[in-house]
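Enquirer: Quick one: the structure is below, questions incoming.
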Amino acid sequence: MKKTSILIILISVLFLSGCSLGSREVKIEKPALESNAISILDIQKKAEQNVKDAAQKEQEKINKAMENAGLDDLSFVKKYSKATIKTNMGNIEVEFFGKDSPITVNNFMKLASEGFYDGTKFHRVIKDFMIQGGDPNSKDDDWSDDGMGGPGYAFKDEFNSKKLVRGSLAMANSGPNTNGSQFFVVTAEETPWLDGKHTNFGKVTDGMDVVDKIEAMEANENDHPLKDAVIKGIELK
């Protein structure tokens, strides 16, 4: 009888253990390789999202800067299409690509109308390449900061299908969407390495001889001309 009781107890314990095991959630750990692969995908997705978020924030900053600078007002480009850049070495006549680069053209015209460019110099000249100007820092005799100035804001690029060739008027920049006031005139026959990197917003229609004279000026090791080529004023037409 005693043996029978013990046997019944053992059978009961085993039965209850089986029921308990059956009621538990069975978890199978994922293989290490699969877990690592999922982690890498998660990291990649987060990185891609971070890039998108950063790009969106940068675009919002650019849009805000453009709004504050009044660049959404295209009143100048609707009124004018040409200009005379008057320098101490002669006049340069330009025609703008208002339909292709309206914000860029309007910005240039707005600054010109305010006298922003008056007294600035062509601070960088490279033979068989280009002449660069439009920096307010170039108004004084301190050359150390020439090429580093601007209007206090930056705006987006407006690339178009027009190639940067001899006589092209384009924006100088320090990277994507960093346009301000500095510009350059191409003196080389063509510059394919610049296409898609600098906004082409106009062309010289008369006065390339003046551009060539500025380009031919003697310069130092930093391409800064040793004599002044000054913009006396810009007349919009």
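Just so you know, we're using this note's numbering here: the sequence shown kicks off at 6 and counts up by one. Note that the Cβ used here is the ideal one computed from N, Cα and C, for glycine as well.
Taking the continuous beta strand (DSSP E) assigned at Val191, which residues delimit it?
Expert: For this step, residue 191 is matched to residue 186 along the sequence shown. Element bounds for Val191: 188 to 191.
Enquirer: Counting Cβ pairs closer than 8 Å, one from the region 97 to 109 and one from the region 158 to 173, do we hit at least three?
Expert: Yes: the two stretches touch, three or more of their Cβ pairs being nearer than 8 Å.
Enquirer: Among the residues of its own chain, which have a CB less than 7 Å from the CB of Gly238, if the five just before and after it don't count?
Expert: Within the sequence shown, the letter at position 233 stands for residue 238. If we look at Gly238 and ignore the five residues flanking it on each side, its Cβ neighbours are Lys91, Asp123.
Enquirer: Sort Ser44, Lys218, Ala52 by Cα distance to Ile2 and report the nearest one.
Expert: Here the chain comprises residues numbered 6 to 242, so residue 2 is not present and cannot be evaluated.
Enquirer: Have a look at Leu241 and Leu199 and give me their C-alpha separation to the nearest angstrom.
Expert: In the sequence shown, the residue the question calls residue 241 occupies position 236. In the sequence shown, the residue the question calls residue 199 occupies position 194. Those two C-alpha atoms are separated by around 27 Å.
Enquirer: Is it right to say Pro141 is buried, meaning 16 or more other beta carbons lie within 10 angstroms of its own, or is it exposed?
Expert: Position 136 of the sequence shown, counting from 1, holds the residue named residue 141. By the 10 Å Cβ count, Pro141 comes out buried.
Enquirer: Going by DSSP in three states, Lys32 sits in which element: helix, strand or coil?
Expert: On the sequence shown, position 27 is the one that residue 32 refers to. Model confidence at Lys32 stands at a pLDDT of 38, short of 50, so the residue's coordinates are unreliable; what they give is reported in the following sentence. Of the three classes helix, strand and coil, the one that applies to Lys32 here is coil, per DSSP.
Enquirer: If you draw a straight line from the C-alpha of Pro230 to the C-alpha of Trp148, how long is it?
Expert: For the purposes of this step, residue 230 is taken as the residue at position 225 of the sequence shown. For the purposes of this step, residue 148 is taken as the residue at position 143 of the sequence shown. Going from the Cα of Pro230 to the Cα of Trp148 covers about 10 Å.
Enquirer: Can you find the residues in the same chain that come closer than 7 Å, C-beta to C-beta, to Asn112, ignoring five residues on each side of it along the sequence?
Expert: Translated into positions along the sequence shown, residue 112 becomes position 107. Cβ within range, chain order: Leu76, Phe160.
Enquirer: For Lys115, write down the residues that DSSP places opposite it in a beta bridge.
Expert: Your numbering for residue 115 matches position 110 in the sequence shown. In the DSSP output, where bridge partners are listed per residue, Lys115 has none listed.
Enquirer: Measure the CB-CB distance between Gly180 and Pro156 and report whether it falls below 9 Å.
Expert: To locate residue 180, count along the sequence shown from 1; it is residue 175. To locate residue 156, count along the sequence shown from 1; it is residue 151. No, they are not a contact pair.
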